[in-house]
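Working notes, beginning with the structure itself.
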Amino acid sequence: MSKSPNKHNRLYMEARPLEEGLAEAIDDGRIGPRDDPKVRSKILSEEFGWDKELAKKIWCFGPETTGPNMVVDMCKGVQYLNEIKDSVVAGFQWASKEGPLAEENMRGICFEVCDVVLHADAIHRGGGQVIPTARRVIYASHLTAKPRLLEPVYLVEIQAPEQALGGIYSVLNQKRGHVFEELQRPGTPLYNIKAYLPVVESFGFSSTLRAATSGQAFPQCVFDHWDMMSSDPLEAGSQAALLVTDIRKRKGLKEQMTPLSEFEDRL
């Protein structure tokens with residue numbers, strides 16, 4: 001829950017992860033803001049187990065109005081709710097583009113508007129009051145929902161002779177890579193290796209690989225998918241927390257994240 005700067009309005013929200021495959025469906029354009037609500041609610045209920053009525057209450061997608069996060073209205077009988085809808089959406093677009101961990105895009109989160117308490121006088125519930133409050137309550141609900149980092153992963157294809165395989169495997173192990181296919185090309189001494197490699201580990205990968213294989217291995221990298229890091233970014237010293245600190249340093253931000261108490265208010 002967050003209060004507006006004038007303390008006359010309160011927003012209550014909850015964050016939960018989107019169902020498996022839903023973020024990808026939004027990325028691919030199968031589900032989006034311009035769909036017919038009936039068609040969209042049919043896909044969401046049949047493929048992802050959503051309630052049909054709830055699927056009709058999606059306010060928006062974000063960031064950039066098409067991203068793989070959404071705001072859903074779960075309120076019942078709240079006065080003046082439609083008047084603040086645009087302000088909440090604006091706050092959500094801002095927050096989902098610059099998340100609280102490292103000001104990176106959010107992904108795969110559904111924010112549920114649970115309750116709203118608004119001042120009866122319209123002048124006290126304008127955009128200047130509601131937009132920053134919506135941003136703060138989204139950050140608070142995000143941080144209390146056990147957030148995780150998603151790291152981009154490359155699909156790496158490597159061609160090399162048999163004697164170079166040992167070097168390839170040792171370099172991939174150092175770089176948190178994971179080999180999932182190894183095939184010999186018929187009629188040649190070459191092997192085709194396919195592996196997944198976190199993008200953050202890919203810097204200098206080609207030169208390290210060539211050094212380990214005497215220049216016999218040739219890698220090709222293409223983006224493949226997003227992978228969830230198992231460690232907790234809010235736990236000091238964890239791998240995810242160190243990565244967050246690195247990103248914040250690179251962007252010139254304070255190394256310490258803004259604490260939850262800055263976003264969440266008490267009654």
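To convert, note that position 206 of the sequence shown is 206 in UniProt numbering; the numbers rise steadily by one, no gaps. By construction, the Cβ of each residue, glycine as well, lies at the ideal position given by its N, Cα and C atoms. No experiment lies behind these values; they were computed from the predicted model shown.
Asked: Using a Cβ-Cβ cut-off of 6 angstroms (strictly less than) and excluding sequence neighbours within five positions of V78, which residues of its own chain qualify?; Found: V116
Asked: Just to confirm the assignment, what range does the alpha helix (DSSP H) spanning D246 have?; Found: 239-250
Asked: Would you identify the three-state DSSP class for D28, choosing helix, strand or coil?; Found: coil
Asked: Helix, strand or coil for K56 per DSSP?; Found: coil
Asked: I'd like to confirm the pairing. Which residues does DSSP put opposite R10 in its beta bridges?; Found: K3, V117
Asked: Determine the direct distance from the alpha carbon of E19 to that of F48, and round the result to whole angstroms.; Found: 6 angstroms
Asked: Going by Cα to Cα distance, which pick from L150, Y191, R266 is closest to E157?; Found: Y191
Asked: Hey, how far is the Cα of D73 from the Cα of F263?; Found: 21 angstroms
Asked: Determine, using beta carbons only, whether Y169 and V153 come nearer to each other than 8 angstroms.; Found: no
Asked: Between A241, D86, S206, which has its C-alpha nearest R125's C-alpha?; Found: D86
Asked: Exposed or buried, which one is F92 when buried takes at least 16 other CB atoms within 10 Å?; Found: buried
Asked: If I measure Cβ to Cβ from H8 and keep anything under 6 angstroms in the same chain, skipping five residues before and after, which residues do I get?; Found: H119, H124
Asked: Can we say the stretch 125-135 touches the stretch 15-34, given the rule of at least three CB pairs closer than 8 angstroms?; Found: no
Asked: State buried or exposed for L22, treating a residue as buried only when at least 16 other CB atoms are found within 10 Å of its CB.; Found: buried
Asked: Around the C-beta of M13, are 16 or more other C-beta atoms found within 10 angstroms, so that it is buried, or is it exposed?; Found: buried
Asked: Where G237 and A140 are concerned, what is the direct C-alpha to C-alpha distance, given to the nearest angstrom?; Found: 22 angstroms
Asked: Let's test the definition: count the other Cβ atoms within 10 Å of the Cβ of T133 and tell me whether it reaches 16, buried, or not, exposed.; Found: buried
Asked: Could you check if K175 is buried or exposed, using at least 16 other CB atoms within 10 Å of its CB as the buried criterion?; Found: buried
Asked: Which stretch, first to last residue, makes up the alpha helix (DSSP H) that contains Q129?; Found: 127-143
Asked: Taking only runs that begin and end inside the UniProt domain "Elongation factor EFG" (148-237), name each unbroken beta strand (DSSP E) of 3 or more residues, in chain order.; Found: 150-161, 178-184, 190-198, 218-228
Asked: DSSP three-state label for R16, please.; Found: strand
Asked: Suppose you measure from the CA of L165 to the CA of L155; what does that come to, to the nearest Å?; Found: 17 angstroms
Asked: From W94 to E104, what distance separates their C-alpha atoms?; Found: 11 angstroms
Asked: In chain order, what residues of the same chain have a beta carbon less than 6 angstroms from the beta carbon of A240, not counting five sequence neighbours either side?; Found: L149, M229, S231, P233
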